[in-house]
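One structure is given below, encoded as C-alpha cells.
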Amino acid sequence: MRDINPVLLRELRGRLRTPRSYWLLCGALFLVSSISLLIYSAEYASMNGQPTFNGSSGHTVFLSLVVTALVVVTAIAPIMAAGSISGERERQTFDLIVLTQLRPIDIVLGKTAATFAYCLLFVTALTPFMAITFLIGGVDIGELAMMYVIIMSTAFLYTCIGVYWSTRTQTAITATGYALATILGVLLVLPVLVLVLPEVLPGWIDDSTTTWRQLMLAIHPYATIIFTQDAIRMSTVWTNQYTIFGVTVAGPAMWVLSVAVSWFWSCVCSILSIRRLTPPTIKGAS
Numbered sequence: 004m005r006d007i008n009p010v011l012l013r014e015l016r017g018r019l020r021t022p023r024s025y026w027l028l029c030g031a032l033f034l035v036s037s038i039s040l041l042i043y044s045a046e047y048a049s050m051n052g053q054p055t056f057n058g059s060s061g062h063t064v065f066l067s068l069v070v071t072a073l074v075v076v077t078a079i080a081p082i083m084a085a086g087s088i089s090g091e092r093e094r095q096t097f098d099l100i101v102l103t104q105l106r107p108i109d110i111v112l113g114k115t116a117a118t119f120a121y122c123l124l125f126v127t128a129l130t131p132f133m134a135i136t137f138l139i140g141g142v143d144i145g146e147l148a149m150m151y152v153i154i155m156s157t158a159f160l161y162t163c164i165g166v167y168w169s170t171r172t173q174t175a176i177t178a179t180g181y182a183l184a185t186i187l188g189v190l191l192v193l194p195v196l197v198l199v200l201p202e203v204l205p206g207w208i209d210d211s212t213t214t215w216r217q218l219m220l221a222i223h224p225y226a227t228i229i230f231t232q233d234a235i236r237m238s239t240v241w242t243n244q245y246t247i248f249g250v251t252v253a254g255p256a257m258w259v260l261s262v263a264v265s266w267f268w269s270c271v272c273s274i275l276s277i278r279r280l281t282p283p284t285i286k287g288a289s
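For the sequence shown, position 174 (counting from the first letter as 1) is numbered 177 according to our numbering, and the numbering increases by one without interruption.
Dropping the structure here:
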C-alpha cells in the first residue's frame, strides 16, 4: 500500500465511505435498467406477445444499455472530477496538499484515477445487465468489449477535462459549468460542422465527405457507436477505407481511431493540469 498514490487512497476512502456514492451508483443503475426495461417492453409488444425474440431485439436492448450508460458517464465523470482541485480550494485544504512532498503529477493522477475508478465501478456494475442481452441473442462478446472500451475511454477523457477545469477555477460550481460546457459544446457543435462544412468548402472535401465526417466525429462517442455498428454489419471491425483528396488508404476502424483520439486529448488535458499546479520558477533563485 506504500507505493499507491496517497491522493488516490484518500479520495477512494473518502468517496466510498459516504452514502452519496452508493445512492448515486444505485440511481445510475436504476436509470439504465429502467430505460432498458422500457425498450424491452416495447420490443415485446411489437412481437404481439410472442415469447421468442430475434437477434435484432436483443441488439436493440443492448444498444439502449450502451447509450444510456454513455449518457450517465457523460454526466458523472466531469461533475465528479470538476470538484477535485477546486473543492480543495473551497475547503481551504489545497495549500496543505501542495506543501506536502507530492509532485503536481501525483496530485493530478491521483484525482483523475479516483474519479475514473468510480466510473469503472459503474461500468462493472452494468455487466449483469449486459449479460441479459446474451440470453436474448444478437450480441457477441467482441461487440460488448468494443463498447466497453469506447465507454471507458470516453469516461477517462471527460474526467481529464473536469480535472483540467478544476485546476483553473476557484469553485467547484464554476469548474463544473466549464467542464459541461466544453463537453456539450463538442457533442453539439461537431455534428453541425459535419453538416455545414461540405456545403461551405465543397471543392476541398466534396470528394471525400464521408472520410472527413468520420475524422471530425472521431472524438464524438455517440457517432462512434453508430459507425461501429455499420462496421460490424460489414465485417470491417479493425480496418476502414479512408478517401482523402481522391486517394484511398486503409486505416484503423472508427472505434479504434476514436479511442486513440480520446486518449490523446486526455493526455493533453492531464499535461495542462500538471502545468497549472506546477509552481513558477523564480529567475535567479538558487
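C-beta atoms are modelled at their ideal positions from N, C-alpha and C, and glycine is treated no differently. Values in this document were obtained by computation on a predicted structure and should not be read as measured data.
In this structure, DSSP gives Pro255 an extended state, which the three-state scheme calls strand. In the same chain as Ser276, and ignoring 5 residues on each side of it, the C-beta atoms closer than 6 Å to its own belong to Val111, Val166, Tyr167 and Thr170, in chain order. Setting aside the 5 residues that flank it on each side, Phe230 is surrounded in the same chain by Met257, each with a C-beta closer than 6 Å to its C-beta; the list follows chain order. Met150 is classed as buried because its beta carbon has at least 16 other beta carbons within 10 Å across all chains shown. Check the Cα spacing between Phe267 and each of Ala80, Thr157, Gly86 and Thr63: the tightest is with Thr157.
Per the coordinates, the alpha-carbon of Gln232 lies some 13 Å from the alpha-carbon of Val70. Under the 8 Å Cβ criterion, the region 98-109 counts as touching the region 5-15, having at least three qualifying pairs. Separation of Gly254 and Arg236 (C-alpha to C-alpha, rounded to the nearest whole angstrom) is 18 Å. Annotation for Arg18: the continuous alpha helix (DSSP H) segment containing it runs Pro9 to Leu19. In the DSSP assignment, Asp143 falls outside any alpha helix (DSSP H) and carries neither an H nor an E.
Rounded to whole angstroms, Leu193 and Ser39 show a C-alpha spacing of 28 Å. Going by beta carbons, Val64 and Ile153 fall outside the 8 Å limit. A Cβ-Cβ separation of about 13 Å leaves Ile164 out of contact with Pro224 under the 8 Å criterion. For a cut-off of 8 Å, the C-beta gap from Val75 to Ala31 is around 5 Å, short enough to register as a contact.
The C-beta separation of Thr77 from Tyr161 comes to about 6 Å, placing the pair in contact by the 8 Å criterion.
Contiguous alpha helix (DSSP H) elements confined to the region 110-169 occur at 130-139, taking only those with 4 or more residues. By the neighbour-count definition (other C-beta atoms within 10 Å, threshold 16), Gly61 is a buried residue. Ile42 counts as buried, since no fewer than 16 other beta carbons sit within 10 angstroms of its beta carbon.
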